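Residue numbers (our numbering): 17 to 200. Ideal Cβ positions, reconstructed from N, Cα and C, are used throughout, including at glycine. Model, not experiment: these values are computed from the prediction.
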């Protein structure tokens, strides 16, 4: 992508977020509330599940259920990084990013009745995204524009050191595997 494309996108993104009337600086929760109101559905900010495999490389995730959006973020990182993760996922929502190689919606409705078919398709068709994909680059740019436009206050505080989180993830993972084996 050429520099001119990025300049044009930046101007489009400034107009996109300019419609939100938020305090300066604002809390990320304010933007979540505004996006939820615009979409007509709740938007929940949630810490990434502890059962995520250590080293999986997943920092954040947007999951659109039938009536609610969930944005998950890694709690074992700095507050500014957590905020950027959340803003990046909110950017995916605002840009309505979808995967064009997704399976058929009817099949997904049967497999995942509680999950929005478009989101199920996105999750199934999406592996660990590289920052080189167009959608990821757009989300990164929009997240950066939001930081600058709103003078963001970091969203959350880390609840554990990285070492403690790795240890907890290993313990929880081992316990969940044992529970799964016993329940069979």
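- With respect to the 7 Å criterion, residue 110 and residue 86 are not classified as neighbours on the basis of their beta carbons.
- According to the DSSP secondary-structure assignment, residue 88 is paired through a beta bridge with 62, 77.
- Less than 7 Å divides the Cβ of residue 165 from the Cβ of residue 33.
- Residue 82 and residue 130 do touch by the CB rule: their CB atoms are close to 6 Å apart, below 8 Å.
- Secondary structure within the stretch 24 to 56: the alpha helix (DSSP H) runs of 4 or more consecutive residues, fully enclosed, are 44 to 55 (chain order).
- Pairing residue 152 with residue 41, the inter-Cα distance amounts to about 25 Å.
- Judged by DSSP in its simplified three-state form, residue 157 adopts helix.
- Straight across, the Cα-Cα distance linking residue 149 with residue 155 is about 10 Å.
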